[in-house]
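Worksheet for the structure shown next.
In full-length UniProt numbering, the protein residues as written are 1 to 329.
Laid out in structure tokens, this is it:
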């Protein structure tokens, strides 16, 4: 395998699949265990493939990760497509799983995965043409070392678990000293203020998370698993998200503090919209007219009319990507 080759990894779940629903109902406990918006089907996965073919045709392989179900329109024989079921790379004793954390932290075990890969959720879209250099430069993932503090909302408890592991192996002052110009890089713009304000804290308090396609080195996953195998196996045993989990953010943080990244201006790369009733038109306009290379259209519980919003978003994606890709039958 050529060291310059880059793979994409896409994870997806079909919440309409009867077998998946039956298994989900069998294992879940507590009505609020998983929020409904996590599994709502937007019926726009084909636009993801159209966007990749149009804007990242240089990708070597797309590893499409599911629990074994696939869209009816998918061209399964496409030479760039590797169909990956959970049982192909996650230990069978940990299956089935309905936790994205488990699915994500085991990705390095996918057979044939390149050392350099980009991770996608199914709500990440490539809006405009990209180059390999948008994701990797000097054989390192493109990223930004921007410090942050968490307020206890969202997935802050998971991030704190990640930080507990990180602070166990890395000393903040030494990390900064080792890569001072990756920390204090002008490409971060006004976000440098975040880092300056948090520099006095002796330990890592968090990092800015852009929630966009994320470049990884497979060897980073392997290193974390080597050092924290008990923890990783414990998390992998969870059927659903758990307050004691870590997630794939840990691998990103590990790359940052070990200096295994090339600094970029993340703010110029893309935009994330956490959909609400008051930002739908902004989201639609971004899809249609934005000069950003990538975006995230994130489903939330703050949508009062899901059917209407789904129609608006998908209409914008159809206008942006009207031509069927070779990944579609």
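Yeah, the Cβ is synthetic: ideal placement off N, Cα and C, and Gly gets one too.
{"query": "Those runs of the beta strand (DSSP E) which lie wholly inside the segment 136-178 and span at least 3 residues", "result": "140-143"}
{"query": "Proximity below 8 Å, CB of residue 8 to CB of residue 136", "result": "no"}
{"query": "Nonlocal neighbours in the same chain, by C-beta distance under 7 Å from residue 124, ignoring five residues either side", "result": "212, 213, 294 and 296"}
{"query": "For residue 13, the first and last residue of its enclosing alpha helix (DSSP H)", "result": "From DSSP, residue 13 is part of no alpha helix (DSSP H); its letter is neither H nor E."}
{"query": "Rounded C-alpha distance that separates residue 138 from residue 26", "result": "48 Å"}
{"query": "Own chain, CB closer than 8 Å to residue 247, minus 5 neighbours either side, in chain order", "result": "100, 101, 104, 105, 155, 158 and 162"}
{"query": "Beta-carbon proximity list for residue 82, same chain, < 6 Å, skipping 5 on both sides", "result": "61 and 63"}
{"query": "Boundaries of the alpha helix (DSSP H) in which residue 316 is found, first to last residue", "result": "306-320"}
{"query": "Beta-carbon gap between residue 222 and residue 108 smaller than 8 Å", "result": "yes"}
{"query": "Whole-Å CB distance - residue 50 paired with residue 299, under 8 Å assumed", "result": "Contact flag wrong, Cβ pair sits at about 20 Å."}
{"query": "Length of the line joining the Cα atoms of residue 188 and residue 266", "result": "7 Å"}
{"query": "Close-in-space but distant-in-sequence residues of the same chain around residue 126 (CB under 7 Å, 5 per side omitted)", "result": "51, 52, 55, 56, 293 and 294"}
{"query": "Completely contained beta strand (DSSP E) runs for the UniProt domain \"Stealth protein CR2 conserved region 2\" (38-139), where each covers 3 or more residues", "result": "61-66, 81-85, 116-120 and 124-126"}
{"query": "Proximity test, Cβ basis, 8 Å: residue 114 and chain C", "result": "No chain C appears in the structure shown, which is made up of a single protein chain."}
{"query": "Coil, strand or helix - residue 228 by DSSP", "result": "coil"}
{"query": "Whole-number beta carbon distance between residue 205 and residue 198, since they are thought to touch under 8 Å", "result": "6 Å"}
{"query": "CA-to-CA distance, residue 181 to residue 218, given in whole angstroms", "result": "25 Å"}
{"query": "Terminal residues of the beta strand (DSSP E) in which residue 273 lies", "result": "270-274"}
{"query": "Boundaries of the beta strand (DSSP E) in which residue 186 is found, first to last residue", "result": "Element bounds for residue 186: n/a, residue is neither H nor E."}
{"query": "DSSP bridge partner residues for residue 327 (one or two, in chain order)", "result": "The partner list for residue 327 (beta bridge, DSSP) is empty, contrary to what the question assumes."}
{"query": "Alpha-carbon to alpha-carbon, residue 201 and residue 291", "result": "37 Å"}
{"query": "Bridge partners - residue 294, DSSP secondary structure assignment", "result": "126 and 270"}
{"query": "Near the ligand MG: residue 327 beta-carbon under 7 Å from a heavy atom", "result": "In the structure shown, the ligand MG is absent, as is every other ligand, since no ligand is present at all."}
{"query": "Candidates 89, 224 and 256: closest to residue 172 by CA position", "result": "256"}
{"query": "Helix, strand or coil at residue 261 according to DSSP, with G and I counted as helix", "result": "coil"}
{"query": "Residue 196, enclosing alpha helix (DSSP H) - first and last residue", "result": "192-198"}
{"query": "Cβ-based neighbour list, residue 369, same chain, cut-off 6 Å, excluding 5 preceding and 5 following", "result": "This structure does not reach residue 369, given that the chain is present from 1 up to 329, and the question cannot be answered."}
{"query": "Length of the line joining the Cα atoms of residue 286 and residue 273", "result": "9 Å"}
{"query": "Residue 319 to residue 288 span [Cα, whole Å]", "result": "7 Å"}
{"query": "Proximity of residue 277 and residue 313 at Cβ, strictly below 8 Å", "result": "no"}
{"query": "Coil, strand or helix - residue 282 by DSSP", "result": "helix"}
{"query": "Where residue 214 falls: helix, strand or coil (DSSP)", "result": "strand"}
{"query": "Element boundaries [alpha helix (DSSP H), containing residue 25]", "result": "18-27"}
{"query": "Proximity of residue 215 and residue 118 at Cβ, strictly below 8 Å", "result": "yes"}
{"query": "Backbone CA spacing between residue 74 and residue 113 [nearest angstrom]", "result": "21 Å"}
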